[in-house]
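**Student:** Supplied in structure tokens, the structure appears directly below.
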Amino acid sequence: MVKYCGYLVRNDLMLQRALELGLEPPEDADDRTDMILLAARDLMGETGVPRSAKLRHVKTSRGTRFWCIAFSSNDPHERLPATAPSEENYKALKEALQKKFPPQWYRAS
């Protein structure tokens with residue numbers, strides 16, 4: 002089972018960020034996904050997330066699906082580190098997302 006270590010990204014917050022960046026409101030599901038991904042990438046750049054981090058779909062233990070900014074993975078094909086990141090790699094993102102805990106491990110969806 003593939004797992005990722007990272008922070009969950011709420012779609013509504015990323016859509017709001019996309020609108021603040023000047024993107025037009027989404028017309029369909031594809032536009033919505035594109036906006037979420039663009040806003041998440043912008044956030045990653047702004048907070049200095051390592052370029053090796055990736056956006057992946059994950060599932061929580063309750064079965065809810067989210068986008069995740071993933072720092073690590075147990076899948077060697079992902080070309081991500083296998084261990085959780087050091088605090089210096091995620092501290093600014095943690096603050097921007099207002100998280101109170103380090104990145105967590107989630108199942109790929």
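Count along the sequence shown from 1, then add 1; that gives the number in my numbering.
C-beta: ideal position from N, C-alpha, C; glycine also.
All values reported here derive from a predicted model rather than from experimental measurement.
1. Return the first residue and the last residue of the beta strand (DSSP E) that Gln-105 is part of.
2. At the level of alpha carbons, what is the spacing between Asn-75 and Thr-84?
3. If we count the other Cβ atoms within 10 Å of its Cβ and call it buried at 16 or more, is Gly-7 buried or exposed?
4. For the beta strand (DSSP E) that Ala-85 lies in, which residues bound it at each end?
5. Who are the near neighbours of Met-2 in its chain, counting only those whose CB is closer than 7 Å to its CB and skipping five residues on each side?
6. Whole angstroms is fine: what's the gap from Ala-30's alpha carbon to Ile-37's?
7. Less than 6 Å between C-beta atoms, sequence neighbours within five positions excluded: which residues of the same chain meet that for Thr-34?
8. Return the first residue and the last residue of the alpha helix (DSSP H) that Arg-42 is part of.
9. Just how far apart, CA to CA, sit Leu-20 and Arg-80?
**Tutor:** Once the coordinates are examined:
1. Here residue 105 corresponds to residue number 104 of the sequence shown, with the count starting at 1. DSSP places Gln-105 in the uninterrupted beta strand (DSSP E) bounded by 105 to 109.
2. Taking the first residue of the sequence shown as position 1, residue 75 is located at position 74. Taking the first residue of the sequence shown as position 1, residue 84 is located at position 83. Cα-Cα distance, rounded: 8 Å.
3. Within the sequence shown, numbered from 1, the residue matching residue 7 stands at position 6. Under this definition Gly-7 is a buried residue.
4. Position 84 of the sequence shown, counting from 1, holds the residue named residue 85. Careful: Ala-85 lies outside any beta strand (DSSP E) and carries neither H nor E.
5. Translated into positions along the sequence shown, residue 2 becomes position 1. For Met-2, where only same-chain residues beyond five positions count, the Cβ hits under 7 Å are Arg-108.
6. Within the sequence shown, residue 30 is the residue found at index 29, counting from 1. Within the sequence shown, residue 37 is the residue found at index 36, counting from 1. When the Cα atoms are used, Ala-30 and Ile-37 turn out to be separated by approximately 11 Å.
7. As a position in the sequence shown, residue 34 is number 33, starting the count at 1. Sequence-distant partners of Thr-34 (beyond 5 residues in either direction) whose C-beta falls short of 6 Å from its own C-beta are missing from its chain.
8. Working through the sequence shown from its first residue, we reach residue 42 at position 41. Counting along the chain, the alpha helix (DSSP H) containing Arg-42 begins and ends at 30 to 47.
9. In the sequence shown, counting from the first residue as 1, residue 20 sits at position 19. In the sequence shown, counting from the first residue as 1, residue 80 sits at position 79. C-alpha separation (whole angstroms): 32 Å.
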